[in-house]
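Numbering (the working numbering), first residue to last: 32 to 358. One structure below.
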Amino acid sequence: MVKDLILVESKILNGSIFPLAFQPTNESESVHITQWLRENQSELDDLLRKYKAILFRGFNLKNAEDFDSFVEATNYQGMAYLGGAAVRTQLTSRVFTANESPSTEKIPFHHEMAQTPSPPTHLFFFCEVAATTGGETPILPSTEIYKQMYIKYPEFMEKLENVGVKYIRVMPEEDDPTSAIGRGWKSTFLTDSKEGAEAGLVSLGSTWEWLPDGSLKTITAVLPAVRIDSGPNRSNEKTFFNSVVAAFSGWNDSRNIGERAVVFGDDSLCDRDVMYDILHCMDEMSVAFKWQSGDVLVLDNRTAMHSRRPFTGARRVLASLVRDPSR
Ligand code: FE2
């Protein structure tokens, strides 16, 4: 029903095209994409497992409702954005705005909600309005970055794997849209009370400290930074599954200093040169295709990382976080 599309920006990584891209061969296929999704869930699962990222282009999706229907046609279950750092607005039951941080801000590579115990298995992005310039969502396979970094920095990577990491972040009381990590504690934990926020923190395994201005300093439990892509039919490859580089290089605002926002599980600090070299290698490896309005990008959030480039224009990219019910 759908046809492989070769993007000029695609790469061959470890023998596979990245991302896989589909376009309809005729108008009827464009209209019936939700039917195709409903009837081909196991094929979609297999393709995402193999290729880690799939772009659907030209399927005539116009708005949040069309995107919601696209996601709904899969058997993945919607999930709330509990514990995430970005300021977002919920548009439909499954669809949020993607990070609303200022267009001048770059958002570094991360797995969605890697700093929480239960990240989504998959992530959908929808480009409602393409940027005038920039605004790409660069992606990379975290299995490949793990392999490359292990060759370069075996000690660092073994420590990451053996000791894990903690993320430290000060949240304002109310959302601060001037910051990429400006989500306030009230909206993070869907509460108006400190007790409600504390209950949310307990459920995440985090510790905390209330600061005099009403902001909240949170320290996560020790979280794994390298995971194995395990489970039925999974690759059993190791993945660089964390927000380490994102936090270190990007969690800077009036309340936070990125280089102190992530530490090893034993409280030791990460080496600055290594962190910035990993960042550089990620940029080199990544694929940054130019969004077209109507594009849907589906990522396997266990094996693909994403980021965002700064942009100009009225870019509007929406997101939906889901879990594979079989996992
Ligand atoms: Fe993200």
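Heads up, the beta-carbon is just placed ideally off N, CA and C, and yes, glycines get one too.
Check: residue i C-beta below 7 Å from any heavy atom of the ligand FE2
i, result
"Glu136", "no"
"Glu192", "no"
"His141", "yes"
"His337", "yes"
Check whether residue i and residue j have beta carbons under 8 Å apart
i, j, result
"Leu36", "Phe53", "yes"
"Leu247", "Trp282", "no"
"Thr152", "Phe101", "no"
"Phe272", "Ala145", "yes"
"Val253", "Val275", "no"
"His141", "Met316", "no"
"Lys83", "Asp331", "yes"
"Arg339", "Val160", "no"
"Met306", "Phe342", "no"
Host beta strand (DSSP E) of residue i (start-end)
i, result
"Ala350", "347-354"
"Pro172", "170-172"
"Phe87", "84-87"
"Glu240", "238-241"
"Phe155", "153-160"
"Leu330", "327-331"
"Thr249", "247-250"
"Ala52", "51-55"
Through-space distance from residue j to residue i, alpha-carbon basis
i, j, result
"Gln121", "Arg69", "24 Å"
"Phe295", "Ser124", "36 Å"
"Pro203", "Arg286", "8 Å"
"Glu143", "Lys190", "22 Å"
"Val39", "Phe320", "8 Å"
"Gly236", "Asn106", "29 Å"
"Phe87", "Ile170", "15 Å"
"Ser73", "Ala129", "27 Å"
"Glu136", "Thr56", "37 Å"
"Glu205", "Ile182", "43 Å"
"Val196", "Asp297", "8 Å"
Own chain, CB closer than 6 Å to residue i, minus 5 neighbours either side, in chain order
i, result
"His344", "A quick correction: the sequence has Gly, not His, at residue 344. For Gly344, where only same-chain residues beyond five positions count, the Cβ hits under 6 Å are Ala162, Thr163."
"Thr222", "Ala228"
"Val329", "Ile85, Phe155"
"Ser261", "Asn267"
Delimiting residues of the alpha helix (DSSP H) encompassing residue i
i, result
"Arg286", "No alpha helix (DSSP H) holds Arg286; DSSP gives it neither H nor E."
"Asp35", "Note, Asp35: premise wrong, no alpha helix (DSSP H); beta strand (DSSP E) at 33-35."
"Val233", "225-235"
Contact set for residue i: own chain, Cβ-Cβ below 7 Å, skip 5 residues either direction
i, result
"Arg200", "Ala116, Ile212, Thr249, Trp282, Asn287, Ala292"
"Asp284", "Ser210, Ile212, Gly213"
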